[in-house]
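Here the sequence shown stands for residues 138 to 452, numbered as in our numbering. Where is the CB? At the ideal position from N, CA and C, for every residue including glycine. Take a look at the structure set out below.
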Amino acid sequence: TTFPKSSTTSSLILFQNRRALVNRSNSLLVQSGRVVRLLHSCNTRQQIRDLTMQKRQSQYHNANPSDESVWEWGPAFLGRLAAAFGIVHLVSEYGVELTLCEGPSMMPTIQPLGEIIVVDRLTPRLNGLQGGSNGKERAEQARKRQEEFEEKSGQDDVYEWHEPFIPANELPSKGAWSRFWKQLTTGISIGDVIVVQHPDRTGTVCKRVLGLPGDVVVRPPHQPPYRTPRRDGLFVVPDGHVWIEGDNVLNSSDSRNYGPVPAALVVGRVLFRVWPVRGNAMMERGVKPLPSHPVKGTTILPAGYEGETIVRQAR
């Protein structure tokens with residue numbers, strides 16, 4: 138069988154064209170694959186360069202903090218610093234504080250070279266003066282307690298004052314913590330060691346409370362008159378005031394010089410000594426320690442007193 142020459146030629150041409158198209162498409166696919174791999178390689182290299190640059194910048198910022206990093210952590214640091222100062226101020230102003238007390242006026246309770254003490258500012262603010270700040274009311278309350286004490290004793294010839302005045306250095310060791318708790322839960326009382334603002338100059342002083350409103354101060358004959366003297370040598374502590382003296386009678390400037398101190402000037406009550414570590418660190422409530430010399434200082438008669446015997450030893 139024979140075919141026409143023209144049809145054979147056209148079939149060959151079509152076959153060749155089809156093969157050329159296939160080859161061209163394969164070439165395009167290969168080139169596109171190369172382009173994709175090239176693009177992927179470029180992206181990877183760019184990412185590597187970006188990571189390297191970020192690492193270098195991080196190392197530089199860590200070694201040399203810039204203004205931007207300061208602006209980042211600065212406000213947080215200042216906020217924490219302000220909060221810390223605020224907490225310290227609140228605790229020291231309305232709670233407790235450490236104070237350096239120095240001078241010879243409180244020997245032997247506090248040594249003259251200086252001792253670090255803890256001052257309670259909170260409970261005096263809450264409880265005020267024991268028995269109130271009115272002398273007449275304190276006297277009436279004292280007489281009621283005295284009558285109850287006499288009835289409780291069951292004797293008609295009881296002439297003792299209901300509240301003993303024991304020197305601080307003679308308090309028994311037994312019951313110290315119960316006395317400490319009573320000191321915290323009551324107001325400023327006779328025998329407390331307190332810190333007050335000086336009435337005549339800038340600064341504070343540490344003294345012991347010997348008189349409250351209504352108490353009678355008996356001035357010894359050898360002492361000069363007080364700021365508000367009386368002819369009979371007696372002086373009644375006015376309302377809202379306290380009478381304070383140092384334990385060292387011979388070397389103390391106190392109410393014997395500048396009179397009673399307003400209760401509003403009381404800074405706080407001394408609880409105990411922190412440093413140095415020696416003996417009994419607690420500042421217990423008690424009258425002045427008995428001195429070794431004959432000069433015993435001022436005599437204080439409690440409000441409501443009517444000649445009863447004041448006990449100065451623990452029962």
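| Check | Outcome |
| --- | --- |
| From which residue to which residue does the beta strand (DSSP E) around G232 run? | First-last for G232: undefined, no H or E at that position. |
| Does the Cβ-Cβ distance between P336 and L266 come in under 9 Å? | no |
| For the beta strand (DSSP E) containing K344, list its first residue and its last residue. | T341 to G348 |
| Starting from Q283, trace the alpha helix (DSSP H) both ways and give me its first and last residue. | G272 to S290 |
| At which residues does the alpha helix (DSSP H) containing L402 begin and terminate? | Neither: L402 is in no alpha helix (DSSP H) and is coded neither H nor E. |
| Given L84, which residues of its chain have a CB within under 7 Å of its CB, disregarding the five upstream and five downstream residues? | Here the chain comprises residues numbered 138 to 452, so residue 84 is not present and cannot be evaluated. |
| Let me check understanding here. Comparing Cα to Cα, which of Q283, P249 and S326 lies closest to W298? | Q283 |
| Count the other CB atoms within 10 Å of the CB of T436; is the residue buried (16 or more) or exposed (fewer)? | exposed |
| Grab me the residues of L321's own chain with a C-beta within less than 6 Å of its C-beta, minus the 5 sequence neighbours each way, in chain order. | T260 |
| Is D257 helix, strand or coil by DSSP? | strand |
| Apart from the five residues just before and just after D257, which ones in its own chain have a Cβ nearer than 6 Å to its Cβ? | V233, G405, R406 and L408 |
| Using DSSP with H/G/I as helix, E/B as strand and the rest coil, what is I412? | Checking the sequence, you will find Trp at residue 412 rather than Ile. In this structure, W412 counts as strand in the three-state DSSP scheme. |
| If you follow the alpha helix (DSSP H) that L438 is part of, which residue opens it and which one closes it? | Not the alpha helix (DSSP H): L438 falls in the beta strand (DSSP E), residues T436 to L438. |
| Looking only at C-alpha atoms, which of V354, L218 and G268 sits nearest to G324? | G268 |
| With DSSP run on the structure shown, which of helix, strand or coil describes Q248? | coil |
| Excluding the 5 residues preceding and the 5 following D441 in the sequence, name in chain order all residues of the same chain whose CB lies nearer than 6 Å to its CB. | This sequence places Gly at residue 441; Asp is not what is there. So the qualifying residues of the chain are A276, A279 and R280. |
| If you count every other CB in all the chains shown that lies within 10 Å of the CB of R422, and 16 or more means buried, which is it? | buried |
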